Each structure stands twice: as structure tokens, then as C-alpha cells.
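Now the structure itself:
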């Protein structure tokens, strides 16, 4: 009985950690649009605008090739682990300035470097430091890499649905790479919390931690983040109230937590590694789609593109400015 409770605590910890990362990353992916004339004012230096310029939106064409590129990278890593030894890479010096700093950065950068230094100097690698860095990477990814529409999200998750099934069930490549890499591309959680509290004896064999690949956080998180930006868009247009209980973000967030819980339940029952996207892709996509159907907004949501209206407004404003300049000249 205690062992089952221990397993539930472990799975619940990973679900909570991953869900918190997706939730925070989704909120961080949204930037409140500024009035166009303010945004395009000549000579204005705004850090929020700099961040928006750094963000990249993925379209349907990029979503189609994503699983192919992921397979090439995964296969390359597997071959490297199998046939190559370990080498230390020495980077050459570079005297060119790469960064410009604002005053707060001089204080924050040394503080933010502490987890990275602790991780690379610890041996074996600390699970806590691994999680801190992995959560940081996930949050940054959700803020800088965005999908442009529900169509793109469904294409991306459908492709990675097949990708995950093949590389986990069809071969041992995914498991080998995930367990061999000692870099922060996964979330770790103690496999036996009750053992840590001296309630249960330590297991005779096996790893002391359970892992969840960062791709199972960041990739479905892209769709959850899109749902949050859609909610904000609908509120700006007066199509959704702030007190509305049926929001796309809430639905896809619940879908993510449900899918991840199903993946861990299957892993516990079958005692074998599971492709998390086998469960996450359907639950996230279907929760988004069912919410659109329930709100009678399916056509609008399916055709909506994130940032398209702002871009159209910007082009129209620039065209008017050119016409004014031509008339004045």
C-alpha cells in the first residue's frame, strides 16, 4: 500500500512541476499590445519591444518538418553515444563584444549564474539544479518560440505524436539518449519520497529519480500558451469576459495535466517507458477543439492567426505614413 502511495506522490510531483512550468511559460508568452503609434515611434528604446523581436512564430510548414529534424537530431545523438568516446571541447577566444548590458543586468547576471555553476561543478549532477535549469529553458522556450495558429499546433502535435511512438516503442533510441545525457533537458523527481523520509527501505536496483523529457513540457506548452494568447485576444475584442469560466487556456491546461497523468498511469501499469505525447497530443488538441465547438467559435478560432491583426494594422499604418510623406513632398 505504501509503495502505491509513494508512486502517486512521485507522479504527482512531476505532473505538478511540469504543469507549473507550462502555466508560467504561457503567461510569459503574452505581451500586451501597445498602441501602434507608440510602438512605432522613432527612436523609442523599449526592452519589451526587443523581447518581441526575439520571439519566433512557427507556421504550418515548420511544424511539418519539426518531427523530421527532431528524428535526425535524436538519431545523431544516439550514434554519437554508441560509437564515439567522450571528448572535452575547448573553445577559442573571441574578443568581439557580444552583449550590451543595462544596469540591473550587472546585478542579476551573477545571481542567475549560480544554478548553472552549481550544476556543472556537481558530480553526480544535482537533481535540484537540473530542474532549475530545465524549468528556465522551458520558460524561455515558451516565451520566445510561438506557434501562429491552432492549425499549426495540431499539425505539430500530430507529427510528434507519431515521432514519439516510433522512437519509444519502435526502438530503444529515445530511452538511451534520455538516460545517457547529463544535461538539463529533463525534469527529475525522487522516485521514492517515502524512502527519503525513511518510511520505506531503499530500492534494490534502478535509478533514484524519475524523469520527464523537456520536450514533453515545452512542445504541448506551445499549444497551451497559444490558448492563453487567444483568450487575451478575445477579451480585447469583447468576445470573452474576464469572469468567463470556459476559457481555452483553462481547458488546454486541464487537458495537459490529464494527458500527463494518463502517461504516468500507463507507465505504472505496464512497467515500461511511455511516449508522453501519445497521451498529451490528443488531450491538448481535443480540449482546445471541444472548447471552440462549445463556445460556437470554431470557424473563428480555426482561422485565427496569432499576431496577424497587429501585423496588418502595422502595415496599414506604415502605408498611410508613406502616402502622407508623398503628398507633403
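Numbering (UniProt numbering), first residue to last: 1 to 329. Cβ atoms here follow ideal geometry from the backbone N, Cα and C, with glycine treated the same way. Small disclaimer: the values here were computed from a predicted structure and weren't measured.
What did DSSP end up calling residue 149 once you bin it into helix, strand or coil?
-> Working through the chain shown from its first residue, we reach residue 149 at position 149. DSSP places residue 149 in strand when its eight states are reduced to three.
By a C-beta neighbour count over all protein chains shown, 10 Å radius and 16 as the cutoff for buried, is residue 146 buried or exposed?
-> Your numbering for residue 146 matches position 146 in the chain shown. Residue 146 comes out buried.
Considering residue 282, what are the terminal residues of the alpha helix (DSSP H) in which it resides?
-> The count along the chain shown starts at 1 and reaches residue 282 at position 282. Counting along the chain, the alpha helix (DSSP H) containing residue 282 begins and ends at 277-294.
Among 237, 254, 217, which one has its Cα closest to the Cα of residue 135?
-> Within the chain shown, numbered from 1, the residue matching residue 135 stands at position 135. Out of 237, 254, 217, 217 has the C-alpha closest to the C-alpha of residue 135.
Quick one: give me the first and last residue of the beta strand (DSSP E) that residue 214 is part of.
-> Stepping through the chain shown from its first residue, residue 214 is reached at position 214. Counting along the chain, residue 214 falls outside any beta strand (DSSP E), and DSSP gives it neither H nor E.
Kindly list the residues whose CB is nearer than 8 Å to the CB of residue 305, restricted to its own chain and excluding five residues on each side of it in sequence; keep chain order.
-> Sequence index remark: in the chain shown, residue 305 carries index 305 (1-based). These residues qualify, in order along the chain: 148, 149.
Under 8 Å between C-beta atoms of residue 220 and residue 284 | Within the chain shown, the letter at position 220 stands for residue 220. Within the chain shown, the letter at position 284 stands for residue 284. Yes.
Classify residue 330 as buried or exposed, calling it buried when 16 or more other Cβ atoms lie within 10 Å of its own Cβ.
-> A query on residue 330 cannot be resolved here, the shown segment of the chain reaching from 1 to 329 and no further.
For residue 190, the first and last residue of its enclosing beta strand (DSSP E) = Within the chain shown, the letter at position 190 stands for residue 190. Run containing residue 190: 186-190, per the beta strand (DSSP E) assignment.
From residue 68 to residue 215, what does the alpha carbon distance come to, in whole angstroms?
-> Counting from one through the chain shown, the residue named residue 68 turns up at place 68. Counting from one through the chain shown, the residue named residue 215 turns up at place 215. If you take the alpha carbons of residue 68 and residue 215, they lie about 15 Å apart.
Cβ-based burial, residue 138 [other Cβ within 10 Å; buried from 16] | Along the chain shown, one-based indexing puts residue 138 at 138. Buried is the call here.
Within 8 Å, strictly: CB atoms of residue 78 and residue 177 | Here residue 78 corresponds to residue number 78 of the chain shown, with the count starting at 1. Here residue 177 corresponds to residue number 177 of the chain shown, with the count starting at 1. Contact: yes.
Which same chain residues, not among the five before or five after residue 13, have their C-beta less than 6 Å away from its C-beta?
-> Indexing the chain shown from 1 puts residue 13 at position 13. Here the set comprises 189.
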